[in-house]
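Asks:
Residue numbers (UniProt numbering): 1 to 118.
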């Protein structure tokens with residue numbers, strides 16, 4: 001388990017969820033984007049709760065290991081979502097280029113006069 005500190009508060013969640021959250025936080029500035037997230041975490045008495053976060057380009061997190069006897073919350077869906085968002089943000093889209101094709105008989109030397117009636 002890891003304790004994640006954010007905005008003066010902290011919460012305890014699984015190693016995988018904490019790591020995936022930090023990886024997403026690293027990817028967000030490149031896209032100048034923010035995300036609303038919900039992560040399963042543990043209360044001080046070991047019960048599962050849902051933490052809501054708004055994470056953006058300037059978000060700062062601290063994650064430290066912490067031992068606990070409490071059962072890990074189920075974070076599999078949250079981890080999958082965080083990893084997918086990180087993958088999407090880290091995937092650079094290739095630009096698409098359009099090329100005009102014209103009949104050789106309809107264009108003058110510069111290619112535009114006949115096409116546009118100039």
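All C-beta atoms in this analysis are idealised placements derived from N, C-alpha and C, irrespective of residue type, glycine included.
#1: So who's on the other strand from residue 10, going by DSSP bridges?
#2: What do you reckon, are the CB atoms on residue 48 and residue 73 nearer than 8 Å?
#3: Suppose the cutoff is 6 Å on Cβ atoms and the five residues either side in sequence are ignored; what does the same chain contact list for residue 38 look like?
#4: So which of 97, 31, 98 and 5 has the shortest CA-CA distance to residue 41?
#5: So what does DSSP say about residue 48, is it helix, strand or coil?
#6: Since I believe residue 82 is in contact with residue 21 (beta carbons under 8 Å), could you give me their beta-carbon distance rounded to a whole number of angstroms?
#7: Mind the definition here: the stretch 26-37 touches the stretch 11-18 only if three or more C-beta pairs lie below 8 Å; say whether that holds.
#8: Between the C-alpha atoms of residue 66 and residue 1, what's the straight-line distance to the nearest angstrom?
#9: Give the DSSP bridge partners of residue 35, in chain order.
Replies: Reading off the structure:
#1: 5
#2: Closer than 8 Å, so yes.
#3: Non-local C-beta neighbours of residue 38 in its own chain, meaning closer than 6 Å and more than five positions away in sequence, comprise 50 and 52, ordered along the chain.
#4: Closest option to residue 41, Cα to Cα, is 5.
#5: strand
#6: 6 Å
#7: no
#8: 6 Å
#9: Looking at the DSSP output, residue 35 bridges to 55.
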